[in-house]
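Asks: Protein chains in written order, with the numbering used here: chain A, 11 to 440; chain B, 40 to 340.
After the structure tokens below, expect a handful of questions from me.
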Amino acid sequence: MRCLTGLTGLVAAGMLATAPVHAQQLTIWHDLGDNGIAWFQRMGEEFARTRPGVTIRSQSFPTEQWFGRVIGAINTDSAPDLIFNNYERVIRVQSQTNRLLDMRPVLAASPDRTFLGEAELRVATYRNRMLIIPIQRVQMALGVRKSWLDRAGEPFPQTWDDVQRVARKFKENPPPGSTAANTFGFALQAARPRDLIHMLDLFVFGSGLEHTLIDPAGTITIDRPAHARVLQEFLRTYTSYGFVPPDTINHSFTEMYQVIEGGRAGMFRVGDWNVRRWEQPNTLGGDFVVGPWPRFEAGRENAVVAGGMRGVAIPENSPNRQLAQDFARFMLSQPAQQASLEVMGAFVRNDLNVSALTPLQQWFARAQHRLVPSDFPEATHAWYPELEAAFHRRLLTGIANPPANGDWSAFITATAQEMREAAQRLSRNN
Amino acid sequence: MALSRLSATLRLLWRERIFYAFVAPFAVITILFGIWPILLSIQVSFTASATALRATPTWVGFANYWTIFADPLFTTSLWRTLVYTGLSVVANLAFALALAVLLDSTLLRRGNMAIRVALFLPVVTPDVAGYVVWRWLFDRSFGAVNAGLDMLGLPAFGGLSSPATATAAILIAELWHHSGFYMLIFLANLAIRDKQLEEAAAIDGATPWQIWRLIILPQLKPALLINAVYATIQFLKTFTVVVVMTKGGPNDQTNFVSYYAYQLFDQGRYGEATAMATILFSIIIVLSLSMLWISERSGTK
């Protein structure tokens, strides 16, 4: 009897001891593919050290499907605990649901946030609500095929004149196995609204200018002399210069990557997330060098562009809201950020160990170059996406029907006027 | 009176109970998976997008319809869809009919079956794979189309990158993919026609052209009708070829209604997207019924 009582006591004690450790799962939806799944798995393991029994389940969707799934799930109260994506995509989710949590109190409760700068916090804010906690800064540099540069006898291009000269040499002296007809100076994209403007952002911010289309005061900038010069050269790059494949007008991410990885273009955008893949032998095999975007005028300092900010957001109807907030804060911690650097190549902290990375990865990780953030106009003008869509259509119309003499001045002046009218209308209606 | 009518109906149902028992499962499936989603989609078009999927959506009446008709991109897209459909139906049916007549004639005795199989093969080829290959063929830097034209000393074809030629380029790709199916329907109709009429006409001195126009063509009316209705529905809904080959470009030249609605779906603008889908659905129904009605009227004459 005494033995039985003892056993019962042991079982009861065991049950009491394990009672707080009950399994709990957090679900996060993103579009980062296999790398993202590996990153969340690693973060989940770290998180579980302080939160036994908690598991992180991440699901990756193609970007286009991610929107529909997230918006649909939030609107039908079947939302995941957290969502992770670029700030402008989260803004689109908020504009269609209006049900994302204000992350200011969540971030305020984090002991570890001093490394987040003013620009990063501004990006995260939309209609006076902080939608994301910034987790990964997205750096975009100019990449050039190293063997192509060597063959052309050129150093890394620093000015727009250098870029033009190098692009022509690439075409005149194609790599072995290619012809001039299928070799190009640049790989760019244009098909979707964000594609073309993102490319223009790189040229504008990378050349030391600010505000691609509109400044924080609501003034259209594209016909200012320095901006107009960049825009004119940008449009010529797509048309009369022949630096890009003729089908670029229909190219989105996939096709642009086919051009780059297929060895058909010598210069291209390199995001920090591209490096790991492009160091593999079946892609570029590490045969590229990176640097800042070219400057268009003497006296300006060219730069690498911080062209995006990925962050974590929480739907108001998140099933495990409190735990989701804890995990969102954890994503800023040193172990989580170290995992982000090593698996994704992007981060926001400045105290990470970069010694295990390859030289190209270290170039981004050390960020010793001049880094200029895009101005993220969505955060200032809530109606910016509609203005941007109108600007994109206008630019596409121009690229599809370029002026016969190659002079874009009249086009740029007319476009600026059209954008001013559109901005006035949109700001009135919002 | 009403009671006796009900009783007669019940007696009829009981008498034909075996027939209705067999039909019932398919009727249920059609209602559940065919009609019900369409009705739900129409319902969504009268709600505010942000609340469309909630249990108690906000009803906005015809607001989504006003919004899309005020959008010049949509009206242009609708017009382009109608023009593209008209061109595609005519091109596909004419091409398929020509092929069918050629294969049915005595001119192609040898290898007839092999040619039929070759022409039908694109129909069973996965459309995405086929269109990817066409995209490469039209590519202006390495595509076979321009390489061939260059060899012949002909000017380059703008293909998918020029607004002037993009519609023609996807029409050609769709012609390759679909015309084999229409050809098969024409061939089936040609096989069951009354050949004695042609012999009689020949004896009476009719020319081959008169025989074809006045004897054979009228007998092909069932195939023409089926193909015309089916092709109209198919090309009004043109989608896959656009996704794979142009993404609506260049400069919205191939941004047909189905693709435009899909883009809005992606942005969570369900109300406007389903309003577009409803308009497209209505056009398809009206056109299809009109074609059947016109055909029946001309048939009775």
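Note that beta-carbon positions come from the ideal geometry of N, C-alpha and C, so glycine has one too.
Could you tell me which of A130(B), N228(B), K260(B) sits nearest to A212(B), measuring between CA atoms?
Replies: What you label residue 212(B) is simply residue 173 of the second sequence in a count that begins at 1. Ranking the options by Cα distance to A212(B), first place goes to A130(B).
Asks: Can you give me the start and stop residues for the alpha helix (DSSP H) that F298(A) sits inside?
Replies: Residue mapping note: residue 298(A) aligns to position 288 of the first sequence, counting from 1. Premise fails: F298(A) lies in the beta strand (DSSP E), 298-301, not in any alpha helix (DSSP H).
Asks: Shortest alpha-carbon distance to F386(A) belongs to which of R79(A), D172(A), K156(A), L223(A)?
Replies: Position 376 of the first sequence holds residue 386(A). When only C-alpha atoms are compared, the closest one is L223(A).
Asks: Quick one: what's F196(A) bridged to in DSSP?
Replies: By one-based count along the first sequence, residue 196(A) stands at place 186. M277(A).
Asks: Just checking: is the beta-carbon of I57(B) within a distance shorter than 8 Å of some beta-carbon in chain A?
Replies: Here residue 57(B) corresponds to residue number 18 of the second sequence, with the count starting at 1. Judged by the 8 Å Cβ criterion, I57(B) is not in contact with chain A.
Asks: Give me whichever residues DSSP pairs with G321(A) in a beta bridge.
Replies: Position 311 of the first sequence, counted from the start, is the residue given in the question as residue 321(A). The partner list for G321(A) (beta bridge, DSSP) reads N95(A), P144(A).
Asks: Beta-carbon separation of T18(B) and T279(B) under 8 Å?
Replies: Limits of chain B in this structure are 40 at one end and 340 at the other, which puts residue 18(B) out of reach.
Asks: Whole angstroms is fine: what's the gap from V80(A)'s alpha carbon to M190(B)'s?
Replies: Position 70 of the first sequence holds residue 80(A). Position 151 of the second sequence holds residue 190(B). Whole-angstrom Cα-Cα distance: 51 Å.
Asks: Flag this pair as yes or no: are the beta carbons of F213(A) and A275(A) separated by less than 8 Å?
Replies: Here the question's residue 213(A) lines up with position 203 in the first sequence. Here the question's residue 275(A) lines up with position 265 in the first sequence. No, they are not a contact pair.
Asks: Taking the straight line between their C-alpha atoms, what separation do you get for K340(B) and Q258(B)?
Replies: On the second sequence, residue 340(B) is found 301 positions in, with the first residue counted as 1. On the second sequence, residue 258(B) is found 219 positions in, with the first residue counted as 1. With a pLDDT of 45 at K340(B), under the threshold of 50, the predicted position of this residue should be treated as unreliable, though the coordinate-derived value follows. Going from the Cα of K340(B) to the Cα of Q258(B) covers about 15 Å.
Asks: How about the region 90-105 of chain A and the region 33-45 of chain A: do they share at least three Cβ pairs that are nearer than 8 Å?
Replies: Contact holds: three or more Cβ-Cβ distances are below 8 Å.
Asks: Give the C-beta separation of A201(A) and M277(A) to the nearest angstrom, bearing in mind that I take them to be a contact with Cβ-Cβ under 8 Å.
Replies: Against the first sequence, residue 201(A) aligns to sequence position 191. Against the first sequence, residue 277(A) aligns to sequence position 267. Not really, about 20 Å apart at Cβ, beyond 8 Å.
Asks: Is there at least one Cβ from chain B nearer than 8 Å to L406(A)'s Cβ?
Replies: If you number the first sequence from 1, residue 406(A) lands on position 396. Taking Cβ atoms only, chain B reaches closer than 8 Å to L406(A), which makes this a yes.
Asks: Please report how far the alpha carbon of G188(B) lies from the alpha carbon of A191(A), in whole angstroms.
Replies: The residue you call residue 188(B) lines up with position 149 of the second sequence. The residue you call residue 191(A) lines up with position 181 of the first sequence. According to the sequence as given, residue 188(B) is Leu; it is not Gly. Answer to the nearest angstrom: the Cα atoms are 14 Å apart.
Asks: Where in the region 149-202 of chain A do unbroken runs of the alpha helix (DSSP H), each at least 4 residues long, occur, reported from the N-terminal end onward?
Replies: Entirely contained in the region 149-202 of chain A, the alpha helix (DSSP H) runs reaching 4 residues are, in chain order, 156-162, 170-182.
Asks: So which residues on chain B does E182(A) lean against when the C-beta distance must stay under 9 Å?
Replies: Along the first sequence, read from residue 1 onward, the residue named residue 182(A) stands at position 172. Within chain B, no residue comes near E182(A); the closest Cβ sits about 16 Å away, beyond 9 Å.
Asks: Just grab the DSSP bridge partners of I441(A) for me.
Replies: Residue 441(A) cannot be examined here, being either before or after the span of chain A that is shown, 11 to 440.
Asks: Residues of the region 68-94 of chain A in Cβ contact with chain B at a cutoff of 7 Å, in chain order, please.
Replies: Residues E74, F77, G78, I81, G82, N85, T86.
Asks: Kindly indicate which three-state DSSP category V315(A) falls into: helix, strand or coil?
Replies: Along the first sequence, one-based indexing puts residue 315(A) at 305. In the structure shown, V315(A) sits in a strand (DSSP, three-state: E or B).
Asks: Can you confirm whether I207(A), when its beta carbon is compared against all beta carbons of chain B, has any partner nearer than 8 Å?
Replies: Position 197 of the first sequence, counted from the first residue, corresponds to residue 207(A). Not an interface residue.
Asks: Let me make sure I understand the geometry here. Which of E398(A), M341(A), L367(A) has the alpha-carbon closest to that of R359(A)?
Replies: Walking along the first sequence from the start, residue 359(A) turns up at place 349. That would be M341(A), whose Cα lies nearest to the Cα of R359(A).
Asks: Tell me the rounded alpha-carbon separation between A129(A) and P383(A).
Replies: For the purposes of this step, residue 129(A) is taken as the residue at position 119 of the first sequence. For the purposes of this step, residue 383(A) is taken as the residue at position 373 of the first sequence. The alpha-carbon atoms of A129(A) and P383(A) are separated by roughly 8 Å.
Asks: On the three-state DSSP scale, how would you describe V382(A)?
Replies: Residue mapping note: residue 382(A) aligns to position 372 of the first sequence, counting from 1. Strand, per DSSP.
Asks: Helix, strand or coil: which one does DSSP assign to T317(B)?
Replies: For this step, residue 317(B) is matched to residue 278 along the second sequence. Reduced to three states, the DSSP call for T317(B) is helix.
Asks: With a threshold of 8 Å between beta-carbons, can R435(A) be considered close to chain B, or not?
Replies: Residue numbering aside, residue 435(A) sits at position 425 when the first sequence is read from its first letter. So, not an interface residue.
Asks: Report yes or no: is there a C-beta of chain A within less than 8 Å of the C-beta of D305(B)?
Replies: As a working mapping, residue 305(B) is identified with position 266 in the second sequence. Closer than 8 Å to some Cβ of chain A, the Cβ of D305(B) qualifies, so yes.
Asks: First and last residue of the beta strand (DSSP E) that includes V64(A)?
Replies: The count along the first sequence starts at 1 and reaches residue 64(A) at position 54. First-last of the beta strand (DSSP E) with V64(A): 64-70.
Asks: What residue range does the beta strand (DSSP E) around T37(A) cover?
Replies: Start at 1 with the first residue of the first sequence, and residue 37(A) comes out as number 27. Note, T37(A): beta strand (DSSP E), 34-40.
Asks: Should R56(B) be labelled buried (16 or more other beta-carbon atoms within 10 Å of its own) or exposed?
Replies: Taking the second sequence and counting its residues from 1, the one referred to as residue 56(B) is at position 17. Classification of R56(B): exposed, given that the 10 Å Cβ count is below 16.
Asks: Counting only Cβ-Cβ distances shorter than 7 Å, please list the residues of the region 193-207 of chain B near chain A, keeping chain order.
Replies: The region 193-207 of chain B vs chain A, Cβ under 7 Å: L199, S200, P202.
Asks: If you count every other CB in all the chains shown that lies within 10 Å of the CB of D257(A), and 16 or more means buried, which is it?
Replies: Here residue 257(A) refers to the residue found at position 247 of the first sequence. Burial call: buried.
Asks: Expressed to the nearest angstrom, what Euclidean distance is found between the alpha-carbon atoms of A323(A) and R102(A)?
Replies: For the purposes of this step, residue 323(A) is taken as the residue at position 313 of the first sequence. For the purposes of this step, residue 102(A) is taken as the residue at position 92 of the first sequence. Rounded to whole angstroms, A323(A) to R102(A) spans 12 Å at the Cα level.
Asks: Cutting at 7 Å between CB atoms, please list the residues of its own chain near R308(B), excluding the five before and the five after it.
Replies: The residue given as residue 308(B) occupies position 269 in the second sequence. So the qualifying residues of the chain are S88.
Asks: Have a look at F57(A) and V64(A) and give me their C-alpha separation to the nearest angstrom.
Replies: The count along the first sequence starts at 1 and reaches residue 57(A) at position 47. The count along the first sequence starts at 1 and reaches residue 64(A) at position 54. The alpha-carbon atoms of F57(A) and V64(A) are separated by roughly 8 Å.
Asks: Can you name the residues of chain C whose CB is closer than 9 Å to the CB of N108(A)?
Replies: Annotation note: the requested chain C is absent from the structure, which comprises protein chains A and B.
Asks: So which residues of chain B does S328(A) contact, with C-beta pairs closer than 9 Å?
Replies: By one-based count along the first sequence, residue 328(A) stands at place 318. By Cβ distance, chain B contributes nothing, its closest Cβ being about 17 Å from S328(A), past 9 Å.
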